Amino acid sequence: MYGTLLKCVREYKKPALLTILFIVLEAIIETIIPFITANLVNSIKNGTDITFIVKTGVLLILMAAISLSCGAAAGITCAKASAGFSKNLRHDVFEKIQTFAFKNIDKFSSASLVTRLTTDVNNVQMAFMMLIRIAVRAPLMLIFAFIMAFIMGGKLAVTFVIVIPILTSGLLLIAKFAMPAFRSVFKKYDRLNESIEENVRGMRVVKGFSREEYEKKKFGTAADSICKDFTKAERIVALNGPIMQLCVYFNMAFILSVGSKIVISNMGTVIDVGQISAMLTYGMQILMQLMMLSMIYVMLTMSAESVRRLNEVLTETPSIANPENPVTEVKDGSITFTDVNFKYSEKAKKYALFDIDLEIKSGMTVGIIGGTGSSKSTLVQLIPRLYDVTVGSVKVGGVDVREYDLDTLRDSVAMVLQKNVLFSGTIKENLRWGNENATDEEIIEACKLSQADEFVASFPDGYDTMIEQGGTNVSGGQKQRLCIARALLKKPKILILDDSTSAVDTKTDALIRAGFKKYIPDTTKIIIAQRIASVQDADLILVMDNGKISAMGKHDELLQKSEIYREVYEQQTNGGDGDAA
Amino acid sequence: MPRNMKGYGAPRKPGEALKSLKRIVKMLFKFYPVLVPVTIFCIIFSAGVSAIPAVFVQKVTANIEEYMVTGDWSAAKQVILPKIGILIVLYFFSIISMTLYQQLMAYMTQGFLNKMRCAMFDGMQDLPISYFDTHKHGDIMSYYTNDIDTLRQLVSQSLPTLIQAGSVVLFVLAIMLYYSVWLTLVVLFGVVMIMLVSGKVGGGSAKYFIRQQQSVGRQEGFVQEMMNGQKVVKVFCHEDESQEDFDALNNALFEDSYRAHAYANILGPIIMNIGNVLYVVIAIVGGLFLVSGLKNFSISGLAFGIDIIVPFLNMTKQFTGNFNQLSQQVNSIVMAVAGAERVFALMDEKPEADEGYVTLVNAKTDENGNLIETTERTHQWAWKHPHTADGSITYTPLKGEVTMNEVDFAYVEGKTVLHDVSVFAEPGQKIAFVGATGAGKTTITNLINRFYDIADGKIRYDGININKIRKSDLRRSLGIVLQETNLFTGSVMENIRYGRLDATDEECREAAKLAGADDFISRLPEGYDTELANNGSNLSQGQRQLIAIARAAVADPPVMILDEATSSIDTRTEAIVQRGMDALMKGRTVFVIAHRLSTVQNSDVIMVLDHGRIIERGSHSKLIADKGTYYQLYTGAFELE
């Protein structure tokens with residue numbers, strides 16, 4: 023599981039390995055220093071002359087200098103390695119997401135992708151840092167201290183036989199109980215944050231219904247329950263310190279009492295005072311290292327969930343990939359659907375689309391009408407190959423869409439999505455998504471065609487007006503018109519508008535369509551709409567019902583033969599006729 | 002692309018940072034006036050005990066040396082064991098106090114965070130809509146996630162460490178002075194060195210940590226935006242550009258994160274090794290003192306000897322070790338203070354002003370035909386209007402008359418978006434607003450329910466100045482269906498009940514039937530108990546709107562605002578909705594904003610808005626006869642070229 027992620031270390035393998043090297047060096051020196059200091063203490067005690075003390079002192083300072091350089095170097099390389107690792111990890115995850123097809127995007131919610139790119143990567147980075155700094159050092163120090171304790175302490179080392187099992191089992195027990203508690207509370211916590219986000223987004227509803235107090239109460243209850251769970255988990259972990267301290271104290275008391283007895287009764291022949299103080303030092307070190315190891319254990323298990331979630335993204339196979347030897351030119355804007363069936367997932371029982379046979383000539387204007395959930399959007403999303411058909415084939419310009427280079431296909435088939443977004447940046451920058459080399463004139467031209475030029479020009483900063491994140495500073499209708507302009511800049515062979523003028527007023531809507539007819543006559547235009555008015559002059563109108571084309575033809579034809587169409591038409595024109603008369 | 006940096010600024014002045022820190026501590030004391038002092042006492046106590054053993058160890062060692070010569074354990078144990086006994090007693094209390102304070106810390110940390118979260122959330126609920134219109138949702142969210150997290154670190158680790166390490170340092174200092182003032186001075190010299198160096202390195206570290214937070218914020222904002230627009234990215238084959246932008250931010254984050262951690266990581270070794278050098282210096286100076294036979298100067302009056310120098314050496318270690326611990330907290334304190342400033346900024350945001358004192362009460366007509374207040378549910382409502390001048394109270398029946406009188410309005414000063422708008426809606430009338438996007442239709446409804454406030458007296462509800470009406474009551478008397486549907490996590494039933502919390506299941510179902518939503522809801526896998534998540538992403542847009550309409554219907558208010566609610570329901574569904582709506586509108590004052598003129602024709606008055614001005618008003622037939630803008634719009638809708 024960790025293998026996939028560790029591949030992201032790449033160019034930071036060198037600093038990572040250097041970190042381990044420096045840390046090992048530092049650890050070695052750190053264990054030697056007590057020897058020399060013990061020497062120093064002894065020499066002071068024995069009244070050795072000052073020159074020896076100074077000599078040892080100089081040696082010690084030298085050691086400190088080496089330890090400092092190693093420690094500092096390790097600190098720097100470790101920072102570089104872990105920051106670099108997480109940079110690569112984020113890069114890889116983002117890159118992977120860019121290869122996702124719509125189906126993959128549907129599978130992960132955008133919020134969960136954000137968490138993966140931020141919090142999860144962060145957790146993994148912290149774990150990685152711990153790992154290269156401590157995972158090598160702690161066992162090394164532990165083993166070393168153990169050996170020394172047994173050499174120096176002799177019988178006294180028996181204390182570890184008592185203390186270590188207590189400490190280890192205590193720490194493991196804590197980890198065992200705390201971890202599941204944390205995991206479940208983290209999930210709850212995520213949900214709490216989701217509900218805050220929902221509240222922020224829906225603030226107009228909350229205030230509109232004056233539900234502030236209700237929301238406060240609801241939040242308070244949820245937050246309190248999480249607080250309770252959190253406290254429980256934290257209190258288990260808080261036992262770590264006392265257990266550790268208990269062992270340290272036991273160790274000290276044992277060594278002092280038993281040690282003093284052995285020393286005195288044997289008149290210092292078996293062990294001496296120096297050894298007792300050494301035992302105290304090493305005992306402390308052993309327990310500290312055990313604590314470190316348990317921390318690593320906790321850290322790694324805590325980050326396991328993040329690792330799993332990141333792996334999920336990294337190992338996801340894009341459901342749509344470029345074919346080998348792709349076709350890189352779209353001949354014209356003709357579209358053919360042959361016996362197309364489609365469902366969103368293999369598991370789905372019902373086809374979202376079935377029995378679709380359709381022939382659209384290049385340059386035609388096609389209108390699509392149909393109720394909510396009649397799969398209008400599904401139908402058009404097959405054309406730029408946002409999803410792949412389950413059965414049958416879709417051809418554009420006489421070639422199966424699966425044979426095209428994806429970029430070629432999608433550059434020729436411009437689609438204005440129903441749920442559309444503008445990005446933060448200027449209007450011009452947003453429009454250049456359609457064509458990054460578009461000149462100012464081309465941009466203005468596209469905006470004139472989509473009836474956006476007038477309002478853009480009315481902004482003080484015109485085309486340099488900043489769009490806020492989510493496009494909140496333009497109205498729904500303005501956003502739709504900008505999105506259409508953005509698609510137009512691609513100069514596509516096929517233009518698909520998926521209910522893209524729903525917030526635009528009827529007059530403007532009509533002007534947009536009139537413009538299409540006049541200025542881009544060769545482009546195939548597919549218009550999904552709710553208003554009959556938006557499609558009634560199309561060359562071909564499809565009436566969708568329940569995943570099928572229930573009728574197709576021209577306006578007058580459909581009025582005759584399609585009941586659904588007639589019903590909709592009458593519904594939309596009825597009142598008007600009566601009043602106008 | 003330039004990214005918004007707002008909200009991620011560094012603390013402006015050290016003074017302000019200190020103020021925030023003080024405020025956190027003050028809040029802690031306020032929340033836990035007893036537990037905080039108890040905890041502090043326990044921390045200091047256990048810190049004190051942990052400093053004492055050095056003394057005992059030294060004494061025991063001295064005893065061992067003394068008796069080692071004779072080898073008489075039975076005599077020695079009379080002296081040694083009681084000392085160890087005292088030690089064990091001290092240990093016992095130390096462990097108890099440690100357990101106690103760590104348990105208390107766990108309890109208080111989560112409690113504090115919970116209280117902060119709730120205080121933030123409660124404060125946020127009271128903020129005016131303009132706050133949400135002018136702040137990015139991502140930024141608001143990061144207060145709850147990132148910034149609260151930094152506070153957790155501060156409260157659970159930094160503050161206790163500060164107290165603990167701080168008191169150990171003081172204890173050890175006291176013991177040092179007890180042994181020898183001269184050697185203490187040497188140690189203090191080392192401490193000054195440590196402080197100088199850690200100030201320098203720690204400052205660099207803090208600087209980059211703040212920069213790192215800013216980079217994180219920028220990257221998070223970008224990621225959020227891109228993940229939401231990933232489908233658009235695909236449609237425009239914009240993957241490479243998007244990756245490029247991401248990498249630029251990612252590299253910047255790497256640089257800051259690398260520097261921040263590098264500085265933080267080298268601080269430890271530096272302090273530790275100054276400690277090592279200090280150790281040597283003490284040994285040499287001590288040795289020199291010993292050799293030269295210099296007179297000791299100390300509280301204890303002990304003469305220089307090996308039994309002073311050895312514990313002194315150990316204490317030097319303890320001293321620098323604790324300084325190291327303190328220095329490790331600097332970064333989290335800096336980050337926590339920056340986080341706290343943002344959290345406090347949210348909490349200090351001015352709440353929505355509401356000086357309203359006119360309230361909505363249940364009413365009934367008494368035997369004399371007067372309207373009186375009652376606690377029963379009468380389905381008859383009245384405005385209770387206390388008059389401060391003479392202390393009298395008048396009751397006005399809730400009818401649903403709304404008037405706007407020559408209203409001008411600007412969201413931002415100097416940019417007037419409504420000019421001289423007057424609207425008179427009799428109870429039960431249907432008023433339609435028609436006009437291009439941005440003409441000011443939504444703004445008008447924003448004013449009626451006081452999402453935004455205007456100068457006194459220009460908008461009246463049942464003849465009462467709406468600024469005098471308590472906001473919650475005003476909004477209770479106004480139903481609203483917004484352009485963008487927002488549903489909440491929970492069942493369909495709970496979402497409908499949001500309109501009126503005490504509505505029965507039956508009433509909710511009735512409302513759904515009225516809205517025409519009952520049909521599709523019944524066909525959902527779990528019917529009314531179907532759980533909605535992610536703003537009802539498992540439903541179609543039209544279905545979500547139907548639920549929103551049912552939600553407004555169950556509230557049963559005398560005035561309804563329908564803001565382009567039908568714009569994305571398909572025509573067949575709309576027919577169903579329209580039937581329900583017509584039933585719903587009956588007997589209510591309704592403000593409709595719609596693009597399809599077919600939905601507004603039967604309105605009593607149609608207002609045509611243009612650039613914030615009402616340019617035409619009248620019934621459909623009048624406006625058609627006038628052959629003005631409305632006529633053009635109307636005919637334009639059906640004659641395409």
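In order, the protein sequence lines correspond to chains B and P. The opening position of the first sequence corresponds to residue 23 in the working numbering, with each subsequent residue numbered one higher. The opening position of the second sequence corresponds to residue 2 in the working numbering, with each subsequent residue numbered one higher. Note that the Cβ used here is the ideal one computed from N, Cα and C, for glycine as well. What you are looking at is a predicted structure, and each value in this text was computed from that prediction instead of being measured.
Asked                                                                                                                                                                                         : Found
List the whole-angstrom C-beta distance separating L312 of chain B from L189 of chain B, where the pair is believed to meet the contact cut-off of C-beta under 8 Å.                          : 6 Å
Does any C-beta atom of chain B lie closer than 7 Å to the C-beta of A337 of chain P?                                                                                                         : no
Cβ closer than 7 Å: which chain A residues qualify as neighbours of V413 of chain B?                                                                                                          : No chain A appears in this structure, whose protein chains are B and P.
Could you name the residues of the same chain whose beta carbon sits closer than 6 Å to that of S216 of chain P, not counting the 5 residues immediately before and after it, in chain order? : A253, L254 and D257
Go ahead and pull the three-state DSSP assignment for Y34 of chain B.                                                                                                                         : helix
Would you mind telling me which residues of chain P sit closer than 8 Å to F124 of chain B, beta carbon to beta carbon, in chain order?                                                       : K232 and K235
Evaluate contact between the segment 471 to 481 of chain B and the segment 526 to 545 of chain B, counting only Cβ atoms and requiring at least three cross-stretch pairs below 8 Å.          : yes
Would you report the Cα separation of M106 of chain P and M99 of chain P, rounded to the nearest angstrom?                                                                                    : 10 Å
Just mark P270 of chain P as buried or exposed, buried being the case when its beta carbon has 16 or more other beta carbons within 10 Å.                                                     : buried
Checking contacts by CB at 7 Å: is D429 of chain B closer than that to chain P?                                                                                                               : yes
Please confirm whether A260 of chain B has its beta-carbon closer than 7 Å to some beta-carbon of chain P.                                                                                    : yes
Mind checking G25 of chain B: buried by the 16 CB within 10 Å criterion, or exposed?                                                                                                          : exposed
Considering only their Cβ atoms, is the gap separating P428 of chain P from T590 of chain P smaller than 7 Å?                                                                                 : yes
Taking Cβ-Cβ distances shorter than 7 Å, what residues in chain P pair up with H113 of chain B?                                                                                               : D248 and N251
Could you run through the segment 130 to 156 of chain B and flag, in chain order, every residue whose CB is less than 7 Å away from some CB of chain P?                                       : S131, S132, L135, V136, L139 and T140
From G497 of chain B to F116 of chain B, what distance separates their C-alpha atoms?                                                                                                         : Correcting the residue type first, residue 497 of chain B is Ser in the shown sequence and not Gly. Rounded to whole angstroms, S497 of chain B to F116 of chain B spans 30 Å at the Cα level.
Would you mind giving the Cβ-Cβ distance between K515 of chain B and S434 of chain B, rounded to the nearest angstrom? I have them listed as a contact below 8 Å.                             : 5 Å
Would P56 of chain B and T303 of chain B qualify as a contact pair, given that the criterion is a beta-carbon distance under 7 Å?                                                             : yes
What does DSSP give as the partner residue(s) for Y680 of chain P in the beta ladder?                                                                                                         : There is no way to answer for residue 680 of chain P, as the model of chain P reaches only from 2 to 642.
If we count the other Cβ atoms within 10 Å of its Cβ and call it buried at 16 or more, is T567 of chain P buried or exposed?                                                                  : Low confidence applies here, because T567 of chain P scores a pLDDT of 47, under 50, leaving its location unreliable; read the following figure in that light. When all chains shown are included, T567 of chain P counts as buried.
Answer with yes or no whether the minimum CB distance from C100 of chain B to chain P is below 7 Å.                                                                                           : yes
Roughly how many whole angstroms lie between the Cα atoms of K7 of chain P and I594 of chain P?                                                                                               : At K7 of chain P, the pLDDT of 36 sits below 50, so the modelled position is not reliable; the number obtained from the coordinates is stated separately. Cα-Cα distance, rounded: 35 Å.
What residue range does the beta strand (DSSP E) around D361 of chain B cover?                                                                                                                : I357 to F364
Strictly under 7 Å for the Cβ-Cβ distance: is M306 of chain B near chain P by that measure?                                                                                                   : no
Exposed or buried, which one is S584 of chain B when buried takes at least 16 other CB atoms within 10 Å?                                                                                     : buried
Looking at the secondary structure, which residues open and close the beta strand (DSSP E) in which L295 of chain P lies?                                                                     : Taken as a continuous stretch (DSSP letters only), L295 of chain P belongs to no beta strand (DSSP E), as it is neither H nor E.
Taking 7 Å as the threshold (C-beta atoms), are V222 of chain B and I141 of chain P in contact?                                                                                               : yes
In the DSSP assignment, what are the bridge partners of L91 of chain P?                                                                                                                       : Per DSSP, none; premise fails for L91 of chain P.
Under 7 Å between the Cβ atoms of N325 of chain P and I272 of chain P?                                                                                                                        : yes
Report the CB separation of I382 of chain B from I357 of chain B in whole angstroms; it is logged as a contact under 8 Å.                                                                     : 4 Å
H621 of chain P: buried (16+ other C-beta within 10 angstroms of its C-beta) or exposed?                                                                                                      : buried
Does chain B have any CB closer than 7 Å to the CB of L22 of chain P?                                                                                                                         : no
If S181 of chain P and N297 of chain P are in contact, beta carbons under 8 Å, what's the gap, nearest whole angstrom?                                                                        : 5 Å
Give the residues of chain P in contact with F116 of chain B, contact being defined as C-beta atoms less than 9 Å apart.                                                                      : V224, M227, S243, Q244, F247, D248 and N251
Taking D615 of chain P as the reference, give the member of P:Y33, P:V311, P:I149 and P:F434 with the closest Cα.                                                                             : Here residue 615 of chain P is Ile; the residue named in the question, Asp, does not match the sequence. Nearest of P:Y33, P:V311, P:I149 and P:F434 to I615 of chain P, Cα basis: P:F434.
Is the separation between the beta-carbon of E356 of chain P and that of A364 of chain P shorter than 7 Å?                                                                                    : no
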